[in-house]
Every structure is written in C-alpha cells, then in structure tokens.
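Asker: Residue numbers (the numbering used here), protein chains in the order written: chain A, -4 to 403; chain B, 13 to 306.
After the structure tokens below, expect a handful of questions from me.
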Amino acid sequence: MKKKALSLLLACAMTFSLAACGNSGGDTQAPAESTEADSDAEAGGDAETPAAGDGSVFKIGGIGPTTGGASAYGIAVQRGMEIAVEEINAAGGIGGVQIELNFQDDEHDPEKSVNAYNTLKDWGMQVLVGSVTSNPCIAVAEQSYNDNMFQLTPSGTAVKCVQYDNAFRMCFSDPNQGLESAKYIGENGLATKVAVIYDSSDPYSVGIYEAFRAEAANQNIEIVSDAAFTADNKTDFSTAVQGAKNAGAELLYMPFYYTEASLVLAECSKQSYAPLFFGVDGMDGILSVENFDASLAEDLMYMAPFVANSDDEMVKSFVGKYQEKYGEIPNQFAADAYDCVYVVKAAMEEAGVTADMDASAICDAMKTAMTAITFDGITGKGISWEASGEPNKAPLIVQIKGGEGVAL
Amino acid sequence: MMGFISYLVNGISLGSVYAIIALGYTMVYGIAKMLNFAHGDVIMIGGFVVFTAVSGMGLPPVIGVLISVVVCTILGMVIERIAYKPLRGASKLAVLITAIGVSYFLQNVALLIYGSNTKSFTSVVSIEPLSLADGAIIISGETIVTILACIVIMIALTSFIKYSKSGRAMLAVSEDSGAAQLMGVNVNATIALTFAIGSALAAIAGVLLCSSYPALTPYTGAMPGIKAFVAAVFGGIGSIPGAFIGGILLGVIEILGKAYISSQLADAIVFAVLIIVLLVKPTGLLGKQIQEKV
C-alpha cells in the first residue's frame, strides 16, 4: 500500500514537472542563467514564441564547460562575456537594443555541447559565442552551419572549428601556434636540441606539435625526444622527463594545458633537470594553480594573446572589473570571451542588423561584415578577419619572472 | 643499463601508488563483495582535506593526515549507511550503479566547494630522496614512504583479519553472510567497519598519491582509482598481497612500456597484459579458486 501511494506521488510529480517544461518553453530559465543586466530587458523577452527573435533584445548564446575537468575555461569565458554584456547594456546596447546572454554548460563533451546548442536555439539565440573547447566546438560547428547561425569561438583552436563560412575565431589556430613558437625559438636561438611532450588524445596538442615539427626543420631545431601522454594516462611524467634528460635536450616544448604542465615541472625538479621551458596558450593559468611553487616555473615562456598586468587602458579596466566581481585575475579565456562580445557588437553595427531579424539573415549579414571590420580589443590591436574565419593578429610571448607573467 | 634501472625505479614508484589504492579496493570487495567505484573519489576528498588543513590552515602535515583519516572514515561510513545499506538485498548491478553515482556525487561536491582550478599539493613527506650511482638513479622520499606504508598496511590488515574478533567476523561475512548472521555475527556492523577501514586507507592513499603527483583537482582520484581497480583484479581481487603485487607490476609494465615500446601505447600494453593474465588465470595472480555452489 505504502509503495502504491509513493509511486502515485512520483507519477504526479513527474507529470507536473513535464507540464512545467511545456509551459515555459525555455524563457523561464533565461533569467536565472543569464546576467543581472538583462533584467530590464526581460519584460519584453517573456511569453513569446522562441525560434525567431522578438525584436526587443539581441539574444546571444554562449556554450562552454562550467563543470567538469575543463571548467576553468568555461567559467572564465562565461564571466568575460557577462562583463562585456553588462558594459554594452549599460552604454545603451547595440544600436539602442539591449543584449540578453544565455550561457549553457557542455562539460567539455561534444554531445552535450550539441544539446546545449539546441537548448539555446529553442531559447531564440541569434548569435553564438562558443564553444570554448575544440572538440565540442567542431561538433557544434556542424549544426550551426546547417542552421546558418553566426558562430564566433573565443578559444576553439582546432582548424576544423571554423571550417565553415559561418564560423570565426578570436584566438590563434593550433598550427599557427606551433609555427610561431618554432619560429620564435629558432630566430632567437633559444635552443637547437628540443624535446617535446604532447597529449596524443587531444587534437589541440597534436595539431600544435605537428606544425611545430614541420617548422622546426626549417629553423635548424632538432627534436631529440618526443613523448606522448593521453587523457587517461597523465599523472606520471617520469618517463617522458627522463627521456628528454637522457637525450640532452636544452629546451622542453610543452604544447598542452597547465594542469599537466605543473606536474611536468614538478617532475623535472625532482629529477634535477632544468632546461628552458616553452609552452603555448594552454599554459596560461599556471600561476593560478593554488599553492603552486612559482619558482618551478621561473623563466618559463609561453605564447599568449593577453597579459593581465599590461599597461593598456582597456586591459586595466577589464582586469579591474573582473577582479572586483569575481575576486581573481582573469586569464586569456576570459579576455578572449570579453573581446568576442565586442566583436559581435562591431560586426552587428557594421552589418546594420536589427533585433527582429532571424538568425540566418543575421548570419548572412555578419559574415560579410566580419571581413570588413578592424578590431581593437584586449587580446590585440588592429585585428582583422579572413573569410576563412582566421584572425590576423600578432602573437605575444610571455615569460614568468619572479612569479609573474611579463610580456617579452 | 642505468636507464633501465632508473625506469624500473620509476615504475615501482608509480606502482606503489596503484598498490596502496588497490589495497582499499580489494579490502572492500573481499569482505562486502561489492565494487566500490567511489573509492577513487574518497581518495580525492582525503587529498583535499589534507590540502585545506596543511596549506590552508597551516597545521603540521601529521595532524593534517590524521584529520583526513578521520574525515574519510566518517565519510565512508556515511556513504555505506545512506547509499549501500538500503540496497543490501538488491542485485549486484544496482549496487554497482549506485557506487558510480556516489563517485559522480563526490566529484561534483568537491567541484562546488573547491572549484575546478588545479591546486598544487605540498608533499607531506620530508625525507630526502635517495641518490644512487652518482645521481643516475633517484628514489624519491615519497616512493620510499609509499612502499613502506603499503607493507605496513598489508601486514596490519592481514593480521587484523586473521587474529581479531571483528576480523574473523569479516571473513565469516565474506564466506556466507546469511550463515554468519545465523551464527550471531552482526553483518551490518561488520560491513560498516569494512567501509570505515577501507576509507581510512583511502585517506592515506590520497595523501601519498597527491604527494607523488601534486596536481589536485576534483577529478584527481578518478583515473588512478580505475587503474588501481585493474591492479586489484590483476593481483586477484579480494587478496591483500595480490593487490600489492598487482599494483607494483602494473606500474612497472606501464613505465617500461612507455619507455621501450611506445609512449602512446602504454595503456594498451597494460590492458593487454591484464587480458592475458585473466585468460590464463581468471581469478588473477593470487586469487582464490572459488567453487560455485550448485
């Protein structure tokens, strides 16, 4: 009897929750998910059929991992976008129209990223900023291309992220980073014998390494040792470090993220091996590792589009706001995301789109506008875009000195 | 030759970490006959507790480890009471799924409390590394402590189970919990004790894992947990010396595979060895031959 009553209760609860889903359509979750800034825009945003814009706000969707192993990047992107949206809305929006932001979690999983994309489409998204990480971004790009939805990824570095004409990126591509770092090492005579450790399960790492290897030959750099690790086997780096040490490498090239890098640096110190360390943009954040012994990373160089302690006025203002709101120094993901929202604004103004246009029409107008604009942001000045989706901007090399990243 | 010995030492040091995790797995499986997939995540919680106590509150490492052991023991008993006890009569599959659920739950709780940013763990081991053959071979203090801890735990567990009253009750429960109950053994209390001990071991394993590999995130325990589970199966799940041998062998095979065959195929090699061992000896290296009752 007790069981029957319980199952009846559960059935009721389920029916109610399903009914609730049906009614809300997706608009009810928007206020909770998006920023406080859109509360004044909310009045017009409710109770309309989603799919097409209702003309009162620009609906910008964001996708990235806010939980899971890559959540540091997703959270940074979400926060960077929120600050930009608040600023733009406070200054009167885009052509007098406010922006509404809805950021969805994808847990760094391609399938969940596509789900997040569909959720946003139901909500009425007109422009997509995302996905944050490469693999999910590639999956979403397939969908956005089918829908002709304008997509700008802050940090999807894989080549295929922007393979379609509706997609653009804010960051460097993987091959570009590999090429530039080999050039930098070669032209500045940093080393001739180089060891590489890379993540063979991550297209980001593999993409950079392949381009690096190709360019290394032109720069008289000899790769004396290479060792791969995978997502499932990334705690022990003793073999890789020992291999590099035995081969007598003067420089250790590390095209992967900072969590693993902190382990590699610790292992090198354990084996008293002190080559030059050179990383890519995934290295940004190494100093944010709590309780990290910064002396391990002294003289470490890496490529980054953004340095938080720069004297640039725009950077200072962004870093100040970010610190005040979230109590930490923003990383490059936050900076890329912040710039993305402003790029969307610039392209929208260039294209002259209005909030009542549907996503496809907006996309067509913005595609052309993207190649026409020149953008000054916090991740670079005078950035322009190719029709292929690649940005033209100068790379920046950062070196850690006395526990702080300094632009070289 | 020096290279080989040095790789071997690295293998043993990785293996000792697997071994100490595997001891907890095998202990719980041996008595309660369930795979506690949340074990790796209890390890992670243990790591975070020490991190908070030592790096956050400035307590001495020994106190930090003791706090972590107490917290994990309580956590293990609470998990058992809330998630596993109500399923005592349910199918094995239901318990397994619940364990996976608990594992995700712990990861997400840690994510909520500590955030996703990597924390760098300060090693609690202050022993100087042992340097042999003019520095060509370095055995870290963490490795020495982990191996010693494994051996001490192994002896302590074996004698506890063999000679103490509650230990023998555990054996009885593992043989036949129904009969044990009829003989007056409190089955629930015995299983709760098993989880308490298993989780205390997890706390120690967590401290040693994080001391050897100092990047601490909410997902730190997951993969080593699975590897240690493989080590436990390799050595014969349920067998305490088996877990130790399985762990060390797994580490050595992994490192030698990486060094001499292919750094990308390391895991494939490890699992191929596991498959071969299981084909030849289905109960694992030291596993007991269990006769099915008809």
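By construction, the Cβ of each residue, glycine as well, lies at the ideal position given by its N, Cα and C atoms.
Just so you know, these numbers come straight off a predicted model, no measurement behind them.
Does DSSP put Tyr342 (chain A) in a helix, in a strand, or in coil?
Answerer: Here residue 342 (chain A) refers to the residue found at position 347 when the first sequence is read from its first residue. The sequence shown places Ala at residue 342 (chain A), not Tyr. Residue state, collapsed to three classes: helix.
Asker: Measuring only from the beta carbon, is Ile203 (chain B) closer than 7 Å to any heavy atom that is part of the ligand ATP?
Answerer: Questions concerning the ligand ATP fall outside what the structure shown contains, since it holds no ligand whatsoever.
Asker: Along the chain, where does the beta strand (DSSP E) that runs through Arg164 (chain A) open and close?
Answerer: Stepping through the first sequence from its first residue, residue 164 (chain A) is reached at position 169. That run of the beta strand (DSSP E) goes Ala162 to Arg164.
Asker: Given Phe241 (chain B), which residues of its chain have a CB within under 6 Å of its CB, disregarding the five upstream and five downstream residues?
Answerer: If you number the second sequence from 1, residue 241 (chain B) lands on position 229. Excluding positions up to five away in sequence, the list reads Tyr37.
Asker: Quick one: does Leu258 (chain A) have its CB under 8 Å from some CB of chain B?
Answerer: Taking the first sequence and counting its residues from 1, the one referred to as residue 258 (chain A) is at position 263. Closer than 8 Å to some Cβ of chain B, the Cβ of Leu258 (chain A) qualifies, so yes.
Asker: Report, in whole angstroms, the separation of the C-beta atoms of Gln93 (chain A) and Leu115 (chain A), which I expect to be a contact under 8 Å.
Answerer: For the purposes of this step, residue 93 (chain A) is taken as residue 98 along the first sequence, with counting starting at 1. For the purposes of this step, residue 115 (chain A) is taken as residue 120 along the first sequence, with counting starting at 1. Not really, about 18 Å apart at Cβ, beyond 8 Å.
Asker: Assign Leu144 (chain B) to buried or exposed, taking buried as 16 or more other Cβ atoms, counted over all protein chains shown, within 10 Å of its Cβ.
Answerer: Residue mapping note: residue 144 (chain B) aligns to position 132 of the second sequence, counting from 1. With fewer than 16 Cβ atoms within 10 Å of its Cβ, Leu144 (chain B) is classed as exposed.
Asker: Once the 5 residues before and after Glu255 (chain A) are set aside, which same chain residues still bring their CB inside 6 Å of it?
Answerer: The count along the first sequence starts at 1 and reaches residue 255 (chain A) at position 260. So the qualifying residues of the chain are Lys229.
Asker: Just to confirm my understanding: we take Val310 (chain A), look at its own chain, exclude 5 residues before and 5 after, and list those with CB closer than 6 Å. What are they?
Answerer: The residue you call residue 310 (chain A) lines up with position 315 of the first sequence. Closer than 6 Å at Cβ, skipping near neighbours: Ile373.
Asker: To the nearest whole angstrom, what separates the beta carbons of Asp279 (chain A) and Gln318 (chain A), a pair I think is in contact under 8 Å?
Answerer: For this step, residue 279 (chain A) is matched to residue 284 along the first sequence. For this step, residue 318 (chain A) is matched to residue 323 along the first sequence. About 17 Å separates the two Cβ atoms, so there is no contact after all.
Asker: Indicate the three-state DSSP secondary structure (helix, strand or coil) for Thr295 (chain B) in the structure shown.
Answerer: The sequence position of residue 295 (chain B) within the second sequence is 283, counting from 1. Correct three-state label for Thr295 (chain B): coil.
Asker: Would you list the one or two residues that DSSP bridges to Asp100 (chain A)?
Answerer: Here residue 100 (chain A) refers to the residue found at position 105 of the first sequence. The partner list for Asp100 (chain A) (beta bridge, DSSP) reads A:Gly59.
Asker: Identify each residue in the segment 144 to 155 of chain B for which the Cβ-Cβ distance to at least one residue of chain A is less than 8 Å, and report them in chain order.
Answerer: If the cut-off is 8 Å between Cβ atoms, the segment 144 to 155 of chain B has Gly147, Ile150 and Ser152 near chain A.
Asker: So Gly36 (chain B) is in the alpha helix (DSSP H); what residue range does that whole segment cover?
Answerer: The residue given as residue 36 (chain B) occupies position 24 in the second sequence. It spans Met14 to Ala44 - the alpha helix (DSSP H) in which Gly36 (chain B) sits, taken as one unbroken run.
Asker: Cα-Cα, which of B:Tyr41, B:Ala161 and B:Ala214 is closest to Ile183 (chain B)?
Answerer: On the second sequence, position 171 is the one that residue 183 (chain B) refers to. Rather than Ile, the amino acid found at residue 183 (chain B) in this sequence is Leu. Taking only the C-alpha atoms, the option nearest Leu183 (chain B) is B:Tyr41.
Asker: Using alpha carbons as the reference points, say which of A:Glu293, A:Ala190 and A:Lys155 lies closest to Lys240 (chain A).
Answerer: Walking along the first sequence from the start, residue 240 (chain A) turns up at place 245. Among A:Glu293, A:Ala190 and A:Lys155, the Cα nearest to that of Lys240 (chain A) belongs to A:Ala190.
Asker: If you count every other CB in all the chains shown that lies within 10 Å of the CB of Thr363 (chain A), and 16 or more means buried, which is it?
Answerer: Within the first sequence, residue 363 (chain A) is the residue found at index 368, counting from 1. Its Cβ having fewer than 16 others within 10 Å, Thr363 (chain A) is exposed.
Asker: Can you list the residues of chain D that Thr134 (chain B) reaches, using a CB-CB cut of under 7 Å?
Answerer: Among the protein chains in the structure shown, which are A and B, there is no chain D.
Asker: Report yes or no: do the segment 40 to 54 of chain B and the segment 105 to 114 of chain B share at least 3 C-beta pairs separated by less than 8 Å?
Answerer: They touch, by the three-pair rule.
Asker: What residues of chain A sit near Leu37 (chain B), judged by a beta carbon separation below 7 Å?
Answerer: Translated into positions along the second sequence, residue 37 (chain B) becomes position 25. Reading the sequence as shown, one finds Tyr at residue 37 (chain B) and not Leu. Simply none; closest approach about 17 Å.
Asker: Between the alpha carbons of Tyr268 (chain A) and Leu247 (chain A), how many angstroms are there, rounded?
Answerer: As a working mapping, residue 268 (chain A) is identified with position 273 in the first sequence. As a working mapping, residue 247 (chain A) is identified with position 252 in the first sequence. Roughly 10 Å between the two C-alpha positions.
Asker: Can you tell me which residues form a DSSP beta bridge with Tyr268 (chain A)?
Answerer: Taking the first residue of the first sequence as 1, we reach residue 268 (chain A) at position 273. Bridge partners of Tyr268 (chain A): none, in fact.
Asker: DSSP on Asn171 (chain A), reduced to helix/strand/coil?
Answerer: To locate residue 171 (chain A), count along the first sequence from 1; it is residue 176. Here Asn171 (chain A) sits in helix by DSSP.
Asker: For chain A, find out if any of its Cβ atoms is closer than 8 Å to the Cβ of Pro236 (chain B); answer yes or no.
Answerer: As a working mapping, residue 236 (chain B) is identified with position 224 in the second sequence. By this cut-off, Pro236 (chain B) is an interface position.
Asker: Do Ser129 (chain A) and Asn161 (chain A) have their CB atoms nearer than 8 Å?
Answerer: Working through the first sequence from its first residue, we reach residue 129 (chain A) at position 134. Working through the first sequence from its first residue, we reach residue 161 (chain A) at position 166. Going by C-beta atoms, Ser129 (chain A) is not nearer than 8 Å to Asn161 (chain A).
Asker: If you reduce the DSSP assignment to three classes, tell me which class Asp117 (chain A) lands in.
Answerer: Taking the first residue of the first sequence as position 1, residue 117 (chain A) is located at position 122. Looking at Asp117 (chain A) - three-state DSSP - the assignment turns out to be helix.
Asker: Using the rule of at least 16 other Cβ atoms within 10 Å of the residue's Cβ for burial, across every protein chain shown, is Leu96 (chain A) buried or exposed?
Answerer: Taking the first residue of the first sequence as position 1, residue 96 (chain A) is located at position 101. So Leu96 (chain A) ends up on the buried side.
Asker: Which of the three DSSP states, helix, strand or coil, is assigned to Ser80 (chain B)?
Answerer: The residue you call residue 80 (chain B) lines up with position 68 of the second sequence. Looking at Ser80 (chain B) - three-state DSSP - the assignment turns out to be helix.
Asker: Along the chain, where does the alpha helix (DSSP H) containing Ile165 (chain B) start, and where does it finish?
Answerer: Residue mapping note: residue 165 (chain B) aligns to position 153 of the second sequence, counting from 1. Gly153 to Tyr175 is the span of the alpha helix (DSSP H), which, as asked, contains Ile165 (chain B).
Asker: Tell me, please, which residues DSSP counts as bridged to Gly372 (chain A).
Answerer: On the first sequence, position 377 is the one that residue 372 (chain A) refers to. In the DSSP output, where bridge partners are listed per residue, Gly372 (chain A) has A:Gly375.
Asker: Give the single residue among A:Val127, A:Tyr112 and A:Phe232 whose Cα lies nearest to the Cα of Asn141 (chain A).
Answerer: The residue labelled residue 141 (chain A) in the question sits at position 146 within the first sequence. Of A:Val127, A:Tyr112 and A:Phe232, the residue nearest in Cα terms is A:Tyr112.
Asker: Is there a C-beta anywhere in chain B that falls below 8 Å from the one on Ala406 (chain A)?
Answerer: Here chain A comprises residues numbered -4 to 403, so residue 406 (chain A) is not present and cannot be evaluated.
Asker: How long is the line joining the alpha carbons of Tyr96 (chain B) and Ala111 (chain B), rounded to whole angstroms?
Answerer: For the purposes of this step, residue 96 (chain B) is taken as residue 84 along the second sequence, with counting starting at 1. For the purposes of this step, residue 111 (chain B) is taken as residue 99 along the second sequence, with counting starting at 1. Straight-line Cα distance between these residues: approximately 8 Å.
Asker: Between the segment 56 to 67 of chain B and the segment 210 to 227 of chain B, can you find at least three pairs of beta-carbon atoms closer than 8 Å?
Answerer: Yes, the segment 210 to 227 of chain B is in contact with the segment 56 to 67 of chain B.
Asker: Return the bridge partner residues of Ser143 (chain B) from the DSSP annotation.
Answerer: Numbered from its first residue, the second sequence carries residue 143 (chain B) at position 131. Looking at the DSSP assignment, Ser143 (chain B) forms a beta bridge with B:Ile150.
Asker: Who are the neighbours of Ala278 (chain B) on chain A, taking C-beta pairs under 7 Å?
Answerer: Taking the second sequence and counting its residues from 1, the one referred to as residue 278 (chain B) is at position 266. Simply Asn228.
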